[in-house]
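Trainee: Residue numbers (the working numbering): 362 to 806.
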Amino acid sequence: MVWTSGLSGRIVEQGEPGYEEARRIYNLRFHKFPRLIVYCQAPIDAANAVIWAKQHHMDFRVRCGGHSYEAYSSLDGGLVIDVSELTHIEIDKAAGTARIGAGVRLKSLYDALWKQGLTLPGGSCPSVGVAGLTLGGGYGFLSRAFGLICDAVQEIEVADAYGKLIRANDMLRSDLFWACRGGGGGNFGIVTSFAFRVYPIGDVAQFTASWDYSDLEKVIRFWQNWAPHTDSRLTSNLNLPAEGLGDIGANGVFIGIEKELRSLVRPFQEAIPPKQLTFRSSTWIEAIRRLGGKEVKQVKFKNSSTYAYKPLSADALQALSKNLQNAPGPSNLVSFVAHRGAISEVASEATAFPHREALFVLQYQSYWQKDRDASANIQWIEQFRSSMLPYTHGAYANYCDSLIPDWPKAYYAENLAKLKQIKQIYDPDNLFRFEQSIPVQQEDL
362 MVWTSGLSGR IVEQGEPGYE EARRIYNLRF HKFPRLIVYC QAPIDAANAV
412 IWAKQHHMDF RVRCGGHSYE AYSSLDGGLV IDVSELTHIE IDKAAGTARI
462 GAGVRLKSLY DALWKQGLTL PGGSCPSVGV AGLTLGGGYG FLSRAFGLIC
512 DAVQEIEVAD AYGKLIRAND MLRSDLFWAC RGGGGGNFGI VTSFAFRVYP
562 IGDVAQFTAS WDYSDLEKVI RFWQNWAPHT DSRLTSNLNL PAEGLGDIGA
612 NGVFIGIEKE LRSLVRPFQE AIPPKQLTFR SSTWIEAIRR LGGKEVKQVK
662 FKNSSTYAYK PLSADALQAL SKNLQNAPGP SNLVSFVAHR GAISEVASEA
712 TAFPHREALF VLQYQSYWQK DRDASANIQW IEQFRSSMLP YTHGAYANYC
762 DSLIPDWPKA YYAENLAKLK QIKQIYDPDN LFRFEQSIPV QQEDL
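#1: Using the rule of at least 16 other Cβ atoms within 10 Å of the residue's Cβ for burial, across every protein chain shown, is His590 buried or exposed?
#2: Pick helix, strand or coil for Ile386, following the three-state DSSP scheme.
#3: Locate the alpha helix (DSSP H) running through Lys453, then write down its first and last residues.
#4: Identify every run of the beta strand (DSSP E) within the segment 474-530, keeping only runs that are complete inside it and at least 3 residues long; order them along the chain.
#5: Does the beta-carbon of Gln416 have 16 or more other beta-carbons within 10 angstroms, so that it is buried, or is it exposed?
#6: Please return the same chain residues whose Cβ sits closer than 7 Å to the Cβ of Ile633, not counting the five positions on each side in sequence.
#7: Below 6 Å CB to CB, which residues in the same chain sit around Gln477 once its five sequence neighbours on both sides are set aside?
#8: Rounded to a whole number of angstroms, what is the C-alpha to C-alpha distance between Ser666 and Val363?
#9: From the DSSP output, read off the bridge partner residues of Glu374.
#10: Can you grab the Cα-Cα spacing for the pair Leu606 / Lys784, in whole Å?
#11: Using beta carbons (cut-off 8 Å, strictly below), is Trp768 in contact with chain B?
#12: Could you check which residue in Phe629, Gln630 and Thr639 has the C-alpha nearest to that of Glu619?
#13: Where does Asp805 land, buried or exposed, given buried means 16+ other C-beta within 10 angstroms?
#14: Let's see if you can read the secondary structure: which residues bound the beta strand (DSSP E) around Gly613?
#15: Should Ala711 and Leu780 be called a contact, given that it needs their Cβ atoms to be closer than 8 Å?
#16: Contact between the segment 748-767 and the segment 492-503 is defined here as three or more beta-carbon pairs at a separation below 8 Å; is this criterion met?
#17: Let me confirm a value: Phe382 is counted as buried when at least 16 other C-beta atoms fall within 10 Å, else exposed. Which label applies?
#18: What is the DSSP secondary structure of Asp443, reduced to helix, strand or coil?
#19: Identify every residue that forms a DSSP beta bridge with Gln724.
#20: Quick one: what does DSSP say Tyr752 is sitting in, helix, strand or coil?
#21: Do you know how far the Cα of Ala774 is from the Cα of Trp768?
#22: Please state the DSSP three-state secondary structure of Phe583.
#23: Do Pro404 and Glu518 have their C-beta atoms closer together than 8 Å?
#24: In or out: Val373 buried (at least 16 other Cβ within 10 Å) or exposed?
#25: Restricting to Cα atoms, I'd like to know which of Leu678, Ala708, Gly702 and Gly376 is closest to Val695.
#26: What residues match up with Asp592 in a beta bridge as DSSP calls it?
#27: In three-state DSSP terms, what is Ile783?
#28: Are the beta-carbon atoms belonging to Gly426 and Gly490 less than 8 Å from one another?
#29: For Ser366, which residues does DSSP report across the bridge?
#30: I'd like to confirm the pairing. Which residues does DSSP put opposite Arg466 in its beta bridges?
#31: Buried or exposed, going by whether 16 or more other CB atoms sit within 10 Å of the CB of Ser624?
#32: What is the DSSP secondary structure of Val801, counted as helix, strand or coil?
#33: Look at Tyr560 and Leu673 and say whether their C-beta atoms are less than 8 Å apart.
#34: Decide yes or no for the touch test of the segment 426-438 against the segment 526-545: beta carbon pairs closer than 8 Å, at least 3 of them.
#35: Please report the distance separating the alpha-carbon of Leu537 from that of Gly462.
#36: Are the beta-carbon atoms of Asp734 and Pro691 separated by less than 8 Å?
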């Protein structure tokens with residue numbers, strides 16, 4: 362253990378008990394074997410790990426929830442600096458703020474905030490870590506009302522490339538603060554905690570609808586002209602499975618009473634009558650627990666994304682439909698999540714997240730268990746995304762995809778140049794690097 366002198370926190374080395382569980386990756390398509398994993402139990406542990414890695418010339422990755430689609434939060438033969446045990450939550454209800462450890466998962470976050478009648482506009486997957494979600498932007502079923510979760514950040518604490526713990530906010534290191542709201546995780550330092558503005562929440566109303574697959578194009582046409590423009594208290598999605606894999610589905614959460622929600626949904630209901638439509642009222646915490654569902658068995662998957670800045674044309678719908686008809690199976694779909702509302706009230710250059718003007722995000726998804734299905738599913742995702750590029754563009758950094766050719770531009774658009782400049786300032790030696798980390802150099806990749 363002498364060689365680990367200087368490290369602090371909980372250390373798991375390759376070959377030790379608990380190593381197999383510690384190295385486990387959310388996407389079972391990948392297997393990585395780090396030499397050791399340091400679980401930070403205090404912010405100083407992250408700073409010490411950076412210093413130690415520099416002294417030992419060891420590559421490292423930063424991990425929170427471990428949900429990186431391409432397993433970028435792990436590596437072979439190096440060090441994983443894991444912040445998942447930084448789970449403190451301090452809430453000041455009177456001030457409307459909360460200080461959150463970087464390792465907190467969404468389920469724990471929502472549960473703790475709900476006890477005070479508060480929440481944040483994060484996602485619905487309960488095991489996602491707040492750090493990765495926030496650093497990449499972070500949207501969910503309250504985002505049209507409250508904005509992205511990164512918009513609620515007031516301050517961050519960061520272990521920087523020199524092994525120092527520093528703070529960043531609107532007044533102090535405002536450039537770093539800007540970059541860490543949408544610029545992606547693992548690029549500038551290790552965020553150890555966030556101070557958030559939090560939002561009062563109580564009861565909500567929810568709708569769930571389904572249509573026969575034959576209504577695909579009609580449902581998309583209506584939803585894309587309705588969902589991004591309706592009352593901003595309503596955020597909805599649309600789930601489009603591959604042909605033969607089930608009905609088209611939509612659901613949404615409305616911050617208000619069921620009667621109002623029924624009125625908002627009525628034009629959709631009358632234009633394309635669903636085969637099933639249900640409404641229910643509940644507390645916010647009950648709604649997000651339903652939406653998060655039960656923890657499902659981990660599988661292998663390949664996902665990608667683009668953004669729609671204008672309604673999909675007839676040609677776009679034809680391309681989308683063709684891809685869904687030619688899916689390889691066993692589980693393929695594309696989902697849309699409505700944007701605009703409070704998301705677009707923040708300027709595209711106000712934070713590092715650039716896709717403020719999008720109507721909705723498209724997430725292309727493939728899931729499988731048998732290795733023989735991998736190649737066909739990966740190719741299908743790549744083909745699907747490529748075929749939609751004449752009609753949509755960009756990509757969501759939190760849905761990282763190793764096959765996007767010009768990924769820096771896709772993720773960060775017009776904010777890329779500024780992100781590179783900030784990288785040069787805070788990490789000139791490119792210590793924080795991975796396969797799709799922001800480069801130090803000013804020239805484009």
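Note that CB positions come from ideal geometry on N, CA and C, so glycine has one too. In this text, all values refer to a predicted model and were calculated from it rather than measured experimentally.
Mentor: Taking the geometry as given:
#1: exposed
#2: coil
#3: Going by the sequence as given, residue 453 is Asp instead of Lys. First-last for Asp453: Ile450 to Asp453, but that is the beta strand (DSSP E), not the alpha helix (DSSP H).
#4: 514-520 and 526-530
#5: exposed
#6: Trp572, Asp576, Lys579, Val580 and Phe583
#7: Ile452 and Lys454
#8: 45 Å
#9: Leu397
#10: 44 Å
#11: Absent from the structure: chain B. Only one protein chain is present.
#12: Thr639
#13: Low local confidence applies: a pLDDT of 45 at Asp805 is under 50, so the model's placement there is unreliable, with the coordinate-based value given in what follows. Looking at its Cβ environment, which holds fewer than 16 other Cβ atoms inside 10 Å, Asp805 is exposed.
#14: Ile609 to Phe615
#15: no
#16: yes
#17: Rather than Phe, the amino acid found at residue 382 in this sequence is Glu. With fewer than 16 other Cβ atoms within 10 Å, it is exposed.
#18: strand
#19: Ser666 and Ser696
#20: coil
#21: 9 Å
#22: helix
#23: yes
#24: buried
#25: Leu678
#26: Its beta-bridge partners do not exist; DSSP assigns none.
#27: helix
#28: yes
#29: Leu368
#30: Gly490
#31: exposed
#32: coil
#33: no
#34: no
#35: 18 Å
#36: yes
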